[in-house]
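Numbering (this note's numbering), first residue to last: 1299 to 1666.
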Ligand code: SF4
Ligand code: SF4
């Protein structure tokens, strides 16, 4: 694969979307909906959030407008890639009572229709690698996830405007895109420096017959991404907090955070790496059929740790501790790294503004 870097003028971005659609992809891209930037079906580049900036802080997410033509001058919205691969709710199988009294079971697989997502960030590609490790690389492969993952095309955009809640530079996951994209764009005022990350990305860029990026454009793109890393003010104390957190299991800070935490589960819903789920039956009222449904769950719910007559984690203190110690500590045992990619979503979307970087720092300093 050659490593040529192209330049995609802003006025030709629609051609990239058209080329993906011509290859059979349903295109998804960032758009403004109800005061947030979310991923939605994209028919045209005009739907992208031009001139939209996002201010994020603990417990706060606000859109702001400016006169810029930039379409990706924001860090991230509440969604990552997670809902497109690990569905928030889906039927895994059906059961139906037969005329002879027997029961017939039938699996229901996702169709795995090809999807192209435009505007994916480096932290979300790192999270995708972690979800792949969980759903595809363990003893059992999740067939529903695998079908969708097979047909995913990813157009990444390196962040130029990190939020105050971002800390991907500290976790080593961004803002530069180093893995997982088919095409990576860096947005400049008049267009995008574009490089491919896969053969099909190279084929698509070649088909657009773009000019080569010049040295000044490449330098500007690199400087912009470096500046986005340098602008981040939050960080975790270390990329491996396993020992420090395990040494702090009885620290009074857990009571302190529990007095603020609502056990609402927002942090786990927006986290791009959280994979906990519950399964339940949804029977028809006539009792002749049922659907077996999988839904996102959270370690903050009472039911998630319910086992044969008792709840393992009965209060917010033990649930928050489970979330943080697993995410930043014992993920290392399971997947060889922390479960946090530094996207900052759990900080911005926590209704009471709990900041895991602050909690981790308080606990680990105490434990070390
Ligand atoms: S723990 Fe928070 S900052 Fe880390 S990946 Fe999850 S949502 Fe993002
Ligand atoms: S940390 Fe925040 S978002 Fe997470 S459960 Fe507690 S209150 Fe909800």
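Just so it is clear, CB atoms sit at the ideal spot from N, CA and C, and this is done for glycine as well.
Between residue 1421 and residue 1641, the C-beta gap is smaller than 8 angstroms, which places the two residues in contact. Checking the 7 angstroms criterion, the Cβ of residue 1564 is within range of a heavy atom belonging to ligand 2. Secondary structure of residue 1459 (DSSP, three-state): coil. CA-CA distance, residue 1394 to residue 1378, rounds to 36 angstroms. One Cα belongs to residue 1437, the other to residue 1351, and the distance between them is close to 43 angstroms. The nearest non-hydrogen atom of ligand 2 is less than 7 angstroms from the C-beta of residue 1650.
Short note on residue 1319: C-beta not closer than 7 angstroms to any heavy atom of ligand 1.
Those residues that have a beta carbon less than 6 angstroms away from any non-hydrogen atom of ligand 1 are, in order along the chain, 1568, 1569, 1570, 1571, 1625, 1638, 1639, 1640, 1641, 1642, 1643, 1644 and 1654. Within the stretch 1554-1615, the complete beta strand (DSSP E) segments of 3 residues or longer fall at 1575-1581 and 1587-1594, listed in chain order. It is roughly 16 angstroms from the alpha-carbon of residue 1459 to the alpha-carbon of residue 1646. A residue is called buried once 16 or more other Cβ atoms fall within 10 Å of its Cβ, and residue 1337 is buried on that count.
Taking residue 1639 as reference, the option from 1536, 1549, 1542 and 1561 with the minimal CA-CA separation is 1536. Secondary structure remark: continuous beta strand (DSSP E) runs of at least 3 residues inside the stretch 1399-1429, in chain order: 1401-1405 and 1413-1418. Straight-line spacing of the CA atoms in residue 1618 and residue 1644 works out to 12 angstroms. Taking 3 residues as the minimum length, the beta strand (DSSP E) runs contained wholly in the stretch 1464-1504 are 1481-1486 and 1489-1494, in order along the chain. Residue 1337 has 1328 as its beta-bridge partners, per DSSP. The criterion of a C-beta distance shorter than 8 angstroms is not satisfied by residue 1633 and residue 1426.
Around the beta carbon of residue 1595, a 10 Å sphere encloses 16 or more other beta carbons of the protein chains shown; the residue is thus reported as buried. C-alpha of residue 1495 to C-alpha of residue 1585: approximately 51 angstroms in a straight line. With a 10 Å radius around the Cβ and a threshold of 16 neighbouring Cβ atoms, residue 1531 comes out exposed.
Inter-residue distance for residue 1657 and residue 1663 is about 10 angstroms (C-alpha atoms, whole angstroms). In this structure, the alpha-carbon of residue 1417 lies about 20 angstroms from that of residue 1511.
Straight across, the Cα-Cα distance linking residue 1362 with residue 1581 is about 46 angstroms. Distances taken from the Cβ of residue 1464 to the heavy atoms of ligand 2 include none shorter than 7 angstroms.
If you check the C-beta of residue 1508 against ligand 2, you find no heavy atom less than 7 angstroms away. In this structure residue 1604 is exposed. Its beta-carbon is surrounded by fewer than 16 other beta-carbon atoms within 10 angstroms.
For residue 1359, the uninterrupted beta strand (DSSP E) segment begins and ends at 1358-1363.
In this structure residue 1490 is buried. Its beta-carbon is surrounded by 16 or more other beta-carbon atoms within 10 angstroms. Under the DSSP assignment, residue 1437 falls outside any beta strand (DSSP E); it carries neither an H nor an E label. Look at residue 1561: its beta carbon is less than 7 angstroms from one of the heavy atoms in ligand 2. Of 1435, 1419 and 1483, the smallest CA-CA separation from residue 1307 is found for 1483. Residue 1364 and residue 1349 have their C-alpha atoms roughly 5 angstroms apart. Cα atoms of residue 1649 and residue 1358: separation of roughly 8 angstroms, rounded to the nearest angstrom.
For residue 1306, the three-state secondary structure derived from DSSP is strand. Ranked by Cα distance from residue 1328, the options 1548, 1341 and 1346 are led by 1346. Closest in alpha carbon position to residue 1627, among 1601, 1546, 1493 and 1355, is 1546.
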